[in-house]
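Structure first, then comments.
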DNA sequence: GCGACAG
DNA sequence: ATCTTGTCGC
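Residue numbers (our numbering): 4 to 237.
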């Protein structure tokens, strides 16, 4: 089982969450990710019961064989509403519960959310990295904060994402002619590594394979929890 | 006060 | 995120 750090009590209110983000922001380490990574994990969550519970899912993707080598899911009751900028407090508990069941330790983890590209430089990808103590990359499908110029239309094109005068990530085109994704460092990673890793993890779709696999995992699992087809009753 | 706002 | 039908295109 993967070891998770125990940093403090989980906040129960928005103000407590914001204060915690400010405190933890100082602990995020931005550094290059060296070596050729092979085991890349993807994390995602789906919601059940009209948002009353969250289903977290993690897959470990072998980049060389292009296969899922391990996966795990966990269903947890939601204790926090969705508030832009505070996504962590709604989703992270479910993700951590899934990681806790994981046997392998991935070399890098991709989160379907922002990392540094956050108003307080503490997006879900950063939090996840602090708990796992593993390099993490934030790869979001839409913008939360920051500005950027126009980028080329070919795969690999990228422009800096800037917020309040500092680069917090990049807008990266993962497929030619397809809408770009917003990449930012989580923990133990830097902007350049985040982009390089994201491109390496993306084969033929807009989002990196690990995230896509994790998304399908939680979607499938949720369907199994809800549906009760007559022909499968045991 | 007004608009923006990851999943 | 979730709800939700058909439709256009490789």
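Idealized CB from N, CA, C, for every residue including glycine.
Whole angstroms is fine: what's the gap from residue i's alpha carbon to residue j's?
i	j	result
residue 30	residue 8	13 Å
residue 4	residue 174	34 Å
residue 159	residue 177	6 Å
Cα-Cα, which of the options is closest to residue i?
i	options	result
residue 138	74, 35, 90 and 164	35
residue 142	133, 172 and 163	172
residue 210	182, 221 and 74	182
residue 228	51, 154, 116 and 100	51
residue 193	147, 178 and 120	120
Please state the DSSP three-state secondary structure of residue i.
i	result
residue 115	coil
residue 130	helix
residue 1	The structure shown does not extend to residue 1, since the chain spans only 4 to 237, so no value can be given for it.
residue 95	helix
residue 34	coil
residue 103	helix
residue 225	helix
residue 1	No information on residue 1 is available, as it lies outside the stretch 4 to 237 that the chain covers here.
residue 18	helix
Among the residues of its own chain, which have a CB less than 6 Å from the CB of residue i, if the five just before and after it don't count?
i	result
residue 23	14
residue 218	47
residue 118	126, 128, 129, 141, 187, 188 and 189
Beta-carbon within less than 8 Å of residue i's beta-carbon, same chain only, minus the 5 sequence neighbours each way: which residues are those?
i	result
residue 27	10, 125, 129, 130 and 133
residue 170	163, 164 and 194
Note down, in chain order, each residue of its chain lying with its Cβ closer than 7 Å to the Cβ of residue i, except the 5 sequence neighbours on either side.
i	result
residue 213	43, 44, 45, 62, 64, 113 and 204
residue 108	5 and 137
Item to check | 4-residue-minimum alpha helix (DSSP H) runs that sit fully inside the stretch 39-89, ordered along the chain | outcome: Taken in chain order, the stretch 39-89 contains no complete alpha helix (DSSP H) segment of 4 residues or longer.
Item to check | Runs of beta strand (DSSP E) lying entirely within the stretch 135-172, each at least 3 residues, in chain order | outcome: Qualifying beta strand (DSSP E) stretches, in chain order: 139-143 and 161-166.
Item to check | alpha helix (DSSP H) runs wholly inside the stretch 163-217, at least 4 long, in chain order | outcome: The qualifying runs are 194-204.
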